[in-house]
Amino acid sequence: MVQNSKQAIERAEAFCAANQIRVPILLAPMAGACPPSLSIAVANAGGLGACGALLMQPEAIRNWASEVHAGSNGAFQINLWIPDPAPCRDAAAEQAVKAFLASWGPAVAEDAGDARPPNFDAQCHAILEAGPAAISSIMGLYPPEFVEQMKARDIKWFANVTTVAEAKLAERAGADVIVAQGMEAGGHRGAFDARKAEAGMVGLFSLLPAICDTVRLPVIASGGISDARGVAAALILGASAVQIGTGFLRCPEAKIPTVWADAIGITKPEDTIVTRAFSGRLGRSLATPYAREAAASDAPKPAPYPVQRGLTQAMREQATKNNDLTGMQAWAGQSARLAPARAAAEIVQDFWAGARSLLGA
Ligand SMILES: Cc1cc2nc3c(=O)[nH]c(=O)nc-3n(C[C@H](O)[C@H](O)[C@H](O)COP(=O)(O)O)c2cc1C
Numbered sequence: 014m015v016q017n018s019k020q021a022i023e024r025a026e027a028f029c030a031a032n033q034i035r036v037p038i039l040l041a042p043m044a045g046a047c048p049p050s051l052s053i054a055v056a057n058a059g060g061l062g063a064c065g066a067l068l069m070q071p072e073a074i075r076n077w078a079s080e081v082h083a084g085s086n087g088a089f090q091i092n093l094w095i096p097d098p099a100p101c102r103d104a105a106a107e108q109a110v111k112a113f114l115a116s117w118g119p120a121v122a123e124d125a126g127d128a129r130p131p132n133f134d135a136q137c138h139a140i141l142e143a144g145p146a147a148i149s150s151i152m153g154l155y156p157p158e159f160v161e162q163m164k165a166r167d168i169k170w171f172a173n174v175t176t177v178a179e180a181k182l183a184e185r186a187g188a189d190v191i192v193a194q195g196m197e198a199g200g201h202r203g204a205f206d207a208r209k210a211e212a213g214m215v216g217l218f219s220l221l222p223a224i225c226d227t228v229r230l231p232v233i234a235s236g237g238i239s240d241a242r243g244v245a246a247a248l249i250l251g252a253s254a255v256q257i258g259t260g261f262l263r264c265p266e267a268k269i270p271t272v273w274a275d276a277i278g279i280t281k282p283e284d285t286i287v288t289r290a291f292s293g294r295l296g297r298s299l300a301t302p303y304a305r306e307a308a309a310s311d312a313p314k315p316a317p318y319p320v321q322r323g324l325t326q327a328m329r330e331q332a333t334k335n336n337d338l339t340g341m342q343a344w345a346g347q348s349a350r351l352a353p354a355r356a357a358a359e360i361v362q363d364f365w366a367g368a369r370s371l372l373g374a
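Take 14 as the starting number for the sequence shown in our numbering and just add one per residue.
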């Protein structure tokens, strides 16, 4: 249904009232790039803070939440990836990846491909205890028993989806809110079936209204939103709120390596790349030398997730330590150039004030 701007603002205000926030702007959960400082700043400005807990042990999740609770009364979400089926290993193919990686970073340890994320059940338990307003999922759906536990504690389930079909599955599984992730988005693409990620690349201008027309739940728009125009457009297309990742990465509170933050500010839409070369899962990053070379026709095919993540760990860590973009996992969305190098609170306030003004409020 086509909406006017008054209805769009009212829908966003209703979403805020129902989700313990004052501004319909959510920090995107970003594993490895969402320190407490960033959530504290966003939440104190009225938005929703976020923790991408994929790689965090339960104790780290608890510490993150206590630090945010100490710095803000505001609400936050905690996010987990739904585990993929066990990867099919291919020793010869992994050997080829290791040989390729040797020219980009330190020698790859023999057992590097065996690395696994922390125990999912233990993480689930820790995020329930951490007292978030919402728990979000990406790459699939939470099991029904966990959904029941969330609901028993009045915690909302925000389900990230990349297609209309996934949105329907999430609604049926009991999600409270759908996060529509357009293909512009920085970071990993949340396709439920890893093998279908490339085939399901849908831009937000198509995905968002299609999902809003299909589900009865509030929809959050995510992917390529990095200024007031994007916020206003998303609300007009039917969103109740927006979720922004790359747009917050240049804030001092994000504390990412300076070469990554600086490169985001000058990256045109056509200068990002979708690649499996960092983790084995498809994600959008800056078109760095490693990401480009790994896409060459003679480069070895990346191993499946999370094997590839383990194989590239030493390269990624060294690049981050040396503030060297060459082998860094430098995720970025297609609207990277719009990301302001400003305090996060100013971004929340200015994007919302600007969007309201564009919508005539
Ligand atoms: C550095 C980075 C890390 C990310 N990590 C996660 C994650 O752990 N879980 C998740 O659901 N989404 C993750 N994402 C995707 C974001 O939640 C969101 O979809 C994306 O940032 C939106 O697009 P934008 O970057 O253009 O704003 C990540 C994105 C970035 C840029």
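Here a beta-carbon is modelled for each residue, glycine too, at the ideal position from N, C-alpha and C.
Check your understanding: Quick one: is the Cβ of Met-341 within less than 8 Å of any heavy atom of ligand 1?
Key -> no
Exercise for review: Can you have a look at Lys-169 and say buried or exposed, based on whether 16 or more other CB atoms are within 10 angstroms of its CB?
Suggested key: Lys-169 is classed as buried because its beta carbon has at least 16 other beta carbons within 10 Å across all chains shown.
Practice item. From the DSSP output, in three-state form, read off Ile-95 for me. Key: coil
Point to revise | Unbroken beta strand (DSSP E) run spanning Trp-117, endpoints | key: From DSSP, Trp-117 is part of no beta strand (DSSP E); its letter is neither H nor E.
Practice item. Look at the Cβ atom of Ile-38, then the Cβ atom of Arg-369, and state whether they are nearer than 9 Å. Key: no
Point to revise | Ordered list of beta strand (DSSP E) runs contained in the region 115-197, each at least 3 residues | key: 147-151, 169-174 and 190-194
Review point. If you drop the 5 nearest sequence neighbours on each side, which residues of the same chain put their C-beta closer than 6 Å to that of Phe-133?
Key: Pro-96
Check your understanding: Assuming Ser-298 and Ala-343 make a contact with CB atoms under 8 Å, what is their CB distance in whole Å?
Key -> 5 Å
Review point. Would DSSP call Leu-250 helix, strand or coil?
Key: If DSSP states are grouped into helix, strand and coil, Leu-250 belongs with coil.
Review point. If you draw a straight line from the alpha carbon of Ala-223 to that of Ala-115, how long is it in whole angstroms?
Key: 45 Å
Exercise for review: Kindly examine ligand 1 and report whether one of its heavy atoms sits closer than 8 Å to the Cβ of Trp-1.
Suggested key: Here the chain covers residues 14 to 374 and nothing more, so residue 1 does not appear.
Review point. Which class does Ala-204 belong to by DSSP, given the choice of helix, strand or coil?
Key: coil
Practice item. Check Phe-218 in the structure and name its three-state DSSP category. Key: helix
Point to revise | 9 Å Cβ cutoff met for Phe-218 and Thr-175 | key: no
Practice item. For Gln-70, I'd like the list of residues in its chain whose CB is within less than 6 Å of its CB, leaving aside the five on either flank, ordered along the chain. Key: Pro-131
**Study point:** Span of the beta strand (DSSP E), counted from its first residue to its last, around Glu-288
**Key:** Correcting the residue identity first, residue 288 is Thr in this sequence and not Glu. The continuous beta strand (DSSP E) containing Thr-288 extends over residues 285-288.
**Study point:** Span of the beta strand (DSSP E) around Asp-234
**Key:** Note that residue 234 corresponds to Ala in the displayed sequence, not to Asp. From DSSP, the beta strand (DSSP E) with Ala-234 extends over 232-235.
Check your understanding: Is Leu-221 near Ala-252, with beta carbons less than 9 Å apart?
Key -> yes
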